[in-house]
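Engineer: Questions regarding the structure given below will be posed in turn.
In the working numbering, the protein residues as written are 106 to 171.
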């Protein structure tokens, strides 16, 4: 990934976020993941700056089982 790459496909976005592609897909289905754009029925793209914003502001911290 280059610094000037603006859009990431789902697989690249998952790698960027440190999650599996299936986890990112589940987040999309639940509506609690980062914002994305869908083109046609198969192409899902993420904007890298929006992924960074989501990580900074919206990402939920895991809870501990007590």
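Positions of the beta carbon are idealized from the N, C-alpha and C atoms, including for glycine. These numbers were taken from a predicted model, which means no experiment stands behind them.
DSSP three-state call for residue 135: helix, strand or coil?
Structural biologist: helix
Engineer: Return yes when the Cβ of residue 129 is within less than 8 Å of the Cβ of residue 138, no when it is not.
Structural biologist: yes
Engineer: Using a threshold of 8 Å, state whether the C-beta atoms of residue 125 and residue 119 are closer than that.
Structural biologist: yes
Engineer: Between the C-alpha atoms of residue 112 and residue 150, what's the straight-line distance to the nearest angstrom?
Structural biologist: 6 Å
Engineer: Answer with buried or exposed for residue 122, where buried requires no fewer than 16 other C-beta atoms within 10 angstroms of its C-beta.
Structural biologist: buried
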